[in-house]
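Q: 1 is the number of the first residue of the sequence shown in full-length UniProt numbering; add one for each residue after it.
Where is the CB? At the ideal position from N, CA and C, for every residue including glycine.
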Amino acid sequence: MEMMLIGGAVSYVAGKQAVRTVYWRTANNGRLLKTAKTCMFQGPPKPAPSSTSATTPDRSRMDLIPRVILNSQN
Numbered sequence: 001m002e003m004m005l006i007g008g009a010v011s012y013v014a015g016k017q018a019v020r021t022v023y024w025r026t027a028n029n030g031r032l033l034k035t036a037k038t039c040m041f042q043g044p045p046k047p048a049p050s051s052t053s054a055t056t057p058d059r060s061r062m063d064l065i066p067r068v069i070l071n072s073q074n
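Structural data, given as structure tokens:
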């Protein structure tokens, strides 16, 4: 019996830093045979600390709220 491709699927895994490809084929004995391959790749480069997109750790979002609003009583 000749091996024949039945189907396949591709999915992202590991936080989109890997791609898993799965194929189903017929085996010589008539059963289904699953073949899987995972391909890892490096994610996008991280911005340099001096970049304008880098956040400053000494400030929080609370620093952007005026203290008058924080101290007011309703």
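1. When the Cα atoms are used, what is the spatial distance from residue 8 to residue 22?
2. If you follow the beta strand (DSSP E) that residue 34 is part of, which residue opens it and which one closes it?
3. To the nearest angstrom, how far is the alpha carbon of residue 14 from that of residue 32?
4. Quick one, which of 24, 28, 39 has its alpha-carbon nearest residue 5's?
5. To which residues does DSSP link residue 7 through a beta bridge?
A: This is what the structure gives:
1. One C-alpha to the other measures close to 5 Å.
2. If you look at residue 34, you'll find it in the beta strand (DSSP E) that goes 32-40.
3. Residue 14 and residue 32 have their alpha carbons spaced roughly 27 Å apart.
4. Of 24, 28, 39, the residue nearest in Cα terms is 24.
5. Here residue 7 is bridged, per DSSP, to 24.
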